[in-house]
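Structure first, commentary second.
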Amino acid sequence: MSGDHSHNDSQIDSGSRVNDSHKHKDKYKDKEHKHKDHKKDKERENSKYDNSDHKDFSEKKHREKEKERIKHKDGSTDRHREKDKRKEIKPKKEKENGFSSPPRIKSEPDNDVYHSPKSLKRERDHDETEFKPKKIKLENDKLDKKAKKRKQDEDIKPKKTQKNKKGEVADGKKKAKKEPEEKWKWWEEERATDGSKWSFLEHKGPVMAAPYEPLPSNVRFFYDGKQMKLSPEAEEVATFFAKMLDHEYTTKDTFRKNFFKDWRKEMTSEEKSKITDLKKCNFNEMGEYFKVQSEARKAMTKDDKLKIKVENERLLQEYGFCIMDNHKERIANFRIEPPGLFRGRGDHPKMGMLKRRIRPEDIIINCSKGSKQPKPPTGTKWKEVRHDNKVTWLVSWTENIQGAIKYIMLNPSSRIKGEKDWQKYETARNLKKCVERLRNQYREDWKSKEMRIRQRAVALYFIDKLALRAGNEKEEGESADTVGCCSLRVEHINLYPEKDGQDFVVEFDFLGKDSIRYYNKVPVEKRVFKNLQLFMENKQPEDDLFDRLNTSILNKHLQELMDGLTAKVFRTYNASITLQQQLKELTSPDENLPAKILSYNRANRAVAILCNHQRAQPKTFEKSMQNLQTKIDAKKDQLSDAKRDVKSAKADLKVRRDERFKKAVETKKKAVERLEEQLMKLEVQATDREENKQIALGTSKLNYLDPRISVAWCKKWGIPIEKIYNKTQREKFAWAIDMAEDDYEF
DNA sequence: GCTGGAACTTAGCACGCCCAAT
DNA sequence: ATTGGGCGTGCTAAGTTCCAGC
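Just so we're aligned: 231 in my numbering is position 231 of the first sequence, and the numbers increase by one with no gaps anywhere.
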């Protein structure tokens, strides 16, 4: 098949968040399904969602090329702003934010105030006014020149071959002083080869969650109609619930049950004996109180808002950066997650449970031995301080809902993330080189005598053709019932020897990651079809489709086929190759800028559809669409008026050939043109928005599309990169923007 | 090989800011 | 000046992969 990646059957059902539509819950309840040759016969919770409402969202051709151009939104403004901002930044030679520069460790009065936004106090008053980003601005032309581009293709490979010179590790420390952080091109430097992720790391630790502030006494809680003063612990948990009062979560049984159970754990024994029924709890005053508070926050004066902004900026400056190997790098999430009620996605069995407050004693700090260690808040201790340079995280703790470890890591613009990202796309490009071979291989394997090989081959076909996720097994009852390729169950597909004029159609319908529904009808090759029939023989709906396969088996196999190959590489590969090919197809040289950008968005959209990146239709969608339509209609009226004006002006001109009338005609014509352009923009905007209402472009842009493809496209067509990537994205993809030329081929 | 833990990427949603239209 | 809504951003949940220890 090779090229047959036509995903035009992808359909996104408007009712795609299926979690609530369990109309046929008990569909399979009574069936006996002990299946002998089946490895696990789990007693599945029979939460089957209802399939009956698939709207066949019939291929509005709107995804294909056609009509109009995209709205023109001028993105260039924020660039100017950026520049302006930079001008204000004062070069600062000394240490920044109290970081000692790598080699020496300078101690400094420690902020022994609890690190929470509220209570944080300024230490050094002389700095008080300086909340602006204090980046070192140091134009460094030498570096730029010296590092002149090598040919990009060689350049790109992770430099495995290069021996790590002994001095390399320490080298960061030497040239500490004048590193122009803003322009550091880590991609022109060599990578460590010894598995270490850094050699020096210093940071200020996390910002703890703000402590609980008890409610004012006039905000009351009622149980069974009677007022009741809650202990601070119980009250805090109650406020979590109160804050969510008008969220539909609080109506869900599981949520309420879990909440109540965990809440009771926080109660005094007295409270526990009184409060026995959630239904009798009245949180309204509390809920109201928070609503008023948030209203008040919105209504704050400019000044007060500015103060908050300043404070946030200060916190960011102090805690939002670390020094890693001589460079100041941005931290992604430097705040400890505050306590609250767990909100799982989809039908999560643990929704509503109490996410407990993280104390310093729960927190592990990771940093350099020689660095200035972050101080725990006074009177507290970290759980541990370790110095592990084989990992990238700065801070970690174990969360109480799933027992998972949470991390504080660096921003995507950091070297450590960027290198990894780059490498990911290189692996995907390697796959491109051998994908035909692999495809031939798995097609051969469809005929294998061994069931496990056939299953492996069919699964791989799906992963390749449909960009499905690998699909690890999940522990039942621990999370929502979602699947990926390897964990598909019989109930998730339907086979049609013939459907809608096509042969061998497989209909997929399952909940994937984040309980996003995947619904798709795809014609497959006959052999695949026959194999699927075989795999499904004598199985119950809740049995695994690929009972001889899991992700570890699959990935082991893939690893043998190509170095670094895993299931998810196919998603990256197919997403990127689709973008490249779609861009080629959709971009027409003589279209104007907005039209080109619409083409880009459509190419992006094709990928998002392939990867099933959905979003809830914005709540305001209908209304905003209507508004837009109103505007369009108004514009049309204006236009026809203007046209009429032109006509009459022309008529006047005919009667009296006068310079003044001539001018009038010109002016009127101009007006018509302007209106036409405006109208077109609006219409393009409408199209784009309509096409996009349930599709999220961001995820693929950020995670799947080799940014060099986009950069090359921009260069080729003279599109400013700002039209494609916003500021954050440009920071993340700085490496690609710097290195890709207009002829870059994925 | 299997299991569970650790580390890291990928994901959608909520919210608030900002800007354009009124 | 006000308002509406689009967009960027933060947040954190939910995946994948790797690996150590049996």
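Note that CB positions come from ideal geometry on N, CA and C, so glycine has one too.
Computed from a predicted structure; not experimentally measured.
Thinking C-beta only, is D514 closer than 8 Å to G340? The beta carbons of G340 and D514 sit no closer together than 8 Å.
Between the CA atoms of D641 and M625 - distance to the nearest angstrom: Taking the straight line joining both Cα atoms gives about 24 Å.
Just tell me which of A608, Y319 and T380 has its CA closest to the CA of T699. A608
Can you look up Q441 in the DSSP assignment and give me helix, strand or coil? helix
Quick one: using the 10 Å Cβ neighbour count with 16 as the cut-off for buried, is N627 buried or exposed? exposed
Contacts around K197, its chain only, beta-carbon distance under 7 Å, and the 5 residues preceding and following it disregarded: Closer than 7 Å at the Cβ level, and outside the excluded window around K197, lie N389, K390, V391, T392 and I416.
Residue from K681, N601, K291 and W397 with nearest C-alpha to M208: W397
For a quick check, are the C-beta atoms of C611 and A470 less than 8 Å apart? no
On the criterion of 16 or more Cβ atoms from any shown chain inside 10 Å, does N538 qualify as buried, or is it exposed? exposed
Inter-residue CB distance, E361 and T380 (contact presumed, cutoff 8 Å): With a beta-carbon spacing of about 7 Å, E361 and T380 fall inside the 8 Å limit used to define contacts.
Under 6 Å Cβ to Cβ from P214, same chain only, skipping five residues before and after it: list those, please. P232
Would R615 and A696 be called neighbours here (beta carbons separated by less than 8 Å)? yes
Buried or exposed, going by whether 16 or more other CB atoms sit within 10 Å of the CB of H203? buried
Return helix, strand or coil for D74, following the three-state DSSP convention. For D74, the predicted structure reports a pLDDT of 31, less than 50, and the residue's modelled location is therefore unreliable. The matter cannot be settled from this model.
Are there three or more Cβ pairs, one per stretch, closer than 8 Å when the region 278 to 288 is compared with the region 239 to 247? Yes: at least three Cβ pairs fall under 8 Å.
Per DSSP, what are the beta-bridge partners of W397 in this structure? K406
What do you reckon, are the CB atoms on R439 and W446 nearer than 8 Å? no
Let me confirm a value: K309 is counted as buried when at least 16 other C-beta atoms fall within 10 Å, else exposed. Which label applies? By the neighbour-count criterion, in which a residue is buried when 16 or more other Cβ atoms sit within 10 angstroms of its Cβ, K309 is exposed.
By how many angstroms is the C-alpha of I709 removed from the C-alpha of E673? Looking at the two C-alpha atoms, the distance is approximately 35 Å.
Stretch-stretch touch, CB-based, cutoff 8 Å, three pairs: the region 327 to 334 with the region 397 to 413: yes
Go to M536, then tell me how far its beta strand (DSSP E) extends in each direction, as first and last residue. Where M536 is concerned, there is no enclosing beta strand (DSSP E), although the alpha helix (DSSP H) it sits in stretches over K526 to M536.
Quick one, which of Q293, S413 and V458 has its alpha-carbon nearest N550's? V458
Within 10 angstroms of its Cβ, does V528 collect 16 or more other Cβ (buried), or is it exposed? buried
Where DSSP assigns a beta bridge to V506, which residues make up the other side? L495 and V522
C486 - DSSP class collapsed to helix/strand/coil: coil
Are the region 517 to 531 and the region 579 to 588 touching, with three or more C-beta to C-beta distances below 8 Å? no
Classify A480 as buried or exposed, calling it buried when 16 or more other Cβ atoms lie within 10 Å of its own Cβ. Label assigned to A480: buried.
Residue(s) in a DSSP beta bridge with Y223: K226 and C281
Between K185, Q502 and R297, which has its C-alpha nearest K328's C-alpha? Among K185, Q502 and R297, the Cα nearest to that of K328 is on K185.
Over the uninterrupted beta strand (DSSP E) stretch that includes H247, give me the two end residues. No beta strand (DSSP E) contains H247, which DSSP labels as neither H nor E.
Quick one: measure Cβ to Cβ for D325 and F200, integer angstroms, because I've assumed they're closer than 8 Å. 5 Å
List the DSSP bridge partners of D544. R489
Minimum length 3: unbroken beta strand (DSSP E) runs contained in the region 350 to 375: 364 to 366
Exposed or buried, V292, counting other C-beta atoms within 10 Å across all chains shown (16 or more means buried)? exposed
Mind reading off the beta-carbon distance from N604 to K681? Whole number of angstroms is fine, and I expect it under 8 Å. 19 Å between Cβ atoms; not a contact.
Please list the terminal residues of the continuous alpha helix (DSSP H) segment that includes F200. Note, F200: premise wrong, no alpha helix (DSSP H); not H, not E.
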